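Sequential numbering of the sequence shown, starting at -4, is according to the working numbering. Following: one structure in structure tokens, then a few remarks.
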Amino acid sequence: MCHRVTVLSRVTEYRVTAGNANPQVLQEEVLADARRRAEETVRKARHEAEAILAKARADADADRRSRLAAAEAEAARRRDVALAAIPIQVGRRRLECIEAALAAVHDEALRRLDAREGFDYREAVTRLAAQAVAAMDAARFVLDLSDADRQAFGDGWLDEVRRCAGRERTTTAPLPDGRGSETAPLPDGRGSVAARLPDGRGSVELALGSAGAAIRGGVIVRDADGRRAWDNTLAARLERLWPALRRRIAAAAGLVPAAQAAKESP
């Protein structure tokens, strides 16, 4: 509309200034002027379009650089997190390997105990029973064994437990200076778990009980009233000793520093 008005104003100008000029010449001049003005408008539009495109390219490039920087920052953050997690994962894996190795040792120890491998089973059970008898303050005890052990040991085994516990009937002899008496040594010359009890507790009555299949090996000692019991089965004994044993095994195998194992030992 603005271009049309401009052309009309130019036509009017030509008419006023040209007087009786040739209409054909006037028309050509008007058309030429219109073409010049149209070309100028196109050039301006082209320049404006190019400026808009350049700005769009610059904005897109800036946005691309911003997105690239954000992506690089996120990648660096994830890398740092992954690197920080490596020592933790390595430590966790090392602990898992140590626990697996110790669990294998525990299971093998229990298997050998069940199989009675590498030790005198009767003597071991005798000492386990004597330990409980010597430690518990009572005069009558029931010793629960598996059916197989009860048949294998027989009633005479109870005398072995008494002797080993130091709670058998003993002979006495006066001391050289006439003071009191001393306990004579055991008839077979063997020592005992508790020697002679300082409080003067004498012999005990022992009886065999039977726990059937509930005991895989070892003995459970309980007083006759059933108020107290000492589980000295092989499995229970291993479980009580295992915390200290596992530290010693780990140190001996080089799984943990010896100083650390000694520090953690009770």
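We treat Cβ as the ideally placed atom computed from N, Cα and C, and that holds for glycine. None of the values given here were measured: they were computed from a predicted structure.
Euclidean distance between Cα positions of A33 and A27:
If you take the alpha carbons of A33 and A27, they lie about 10 Å apart.
Should F114 be labelled buried (16 or more other beta-carbon atoms within 10 Å of its own) or exposed?
Residue environment: F114 is assigned as exposed (fewer than 16 neighbouring CB atoms within 10 Å of its CB, all protein chains considered).
I'd like to know whether the C-beta atoms of R217 and A224 end up nearer to each other than 7 Å.
At a Cβ-Cβ threshold of 7 Å, R217 and A224 count as neighbours.
Should A125 be labelled buried (16 or more other beta-carbon atoms within 10 Å of its own) or exposed?
buried
Report the three-state DSSP secondary structure of V85 (helix, strand or coil).
V85: helix per DSSP, three-state reduction.
V137, enclosing beta strand (DSSP E) - first and last residue
135 to 140
Extent of the continuous beta strand (DSSP E) run through A219:
A219 -> no beta strand (DSSP E), and no H or E assigned at all.
For A202, name the three-state secondary structure that DSSP assigns.
A202: strand per DSSP, three-state reduction.
Report the option in A110, A160, F148 whose CA atom is closest to the CA atom of A127.
A160
Could you tell me which residues DSSP puts in a beta bridge with A143?
Looking at the DSSP assignment, A143 forms no beta bridge with any residue, so it has no partner.
R111 and E200 closer than 7 Å at C-beta
no
DSSP state of D132, grouped into three classes?
coil
Would you mind giving the Cβ-Cβ distance between A202 and V137, rounded to the nearest angstrom? I have them listed as a contact below 8 Å.
5 Å
What span of residues does the alpha helix (DSSP H) with A247 cover, start to end?
229 to 247
From L63 to A53, what does the alpha carbon distance come to, in whole angstroms?
15 Å
Of the listed residues D220, D154, P252, nearest to M131 (C-alpha basis)
D220
Please report the distance separating the alpha-carbon of P182 from that of W152.
Residue confidence is low: P182 scores 34 on pLDDT, short of 50, so the model does not pin down where it sits. Its coordinate-derived value is still stated next. Each residue's Cα considered, the two are about 16 Å apart.
Is the CB-CB distance between L97 and V214 below 7 Å?
no
Return helix, strand or coil for P193, following the three-state DSSP convention.
With a pLDDT of only 41 at P193, under 50, the local geometry of the prediction cannot be trusted, and the value read off the model is given with reservation. Reduced to three states, the DSSP call for P193 is coil.
In the DSSP assignment, what residue or residues form a beta bridge with D226?
Under the DSSP definition of a beta bridge, D226 partners with I215.
DSSP state of P252, grouped into three classes?
coil
Excluding the 5 residues flanking R107 on each side, which residues of the same chain have their C-beta closer than 8 Å to its C-beta?
G113
Spatial neighbours of H101 within its chain, please: CB distance less than 7 Å, with the 5 preceding and 5 following residues excluded, ordered by chain position.
W237
Applying the 10 Å Cβ sphere with the 16-neighbour rule, what's the burial state of A66?
exposed
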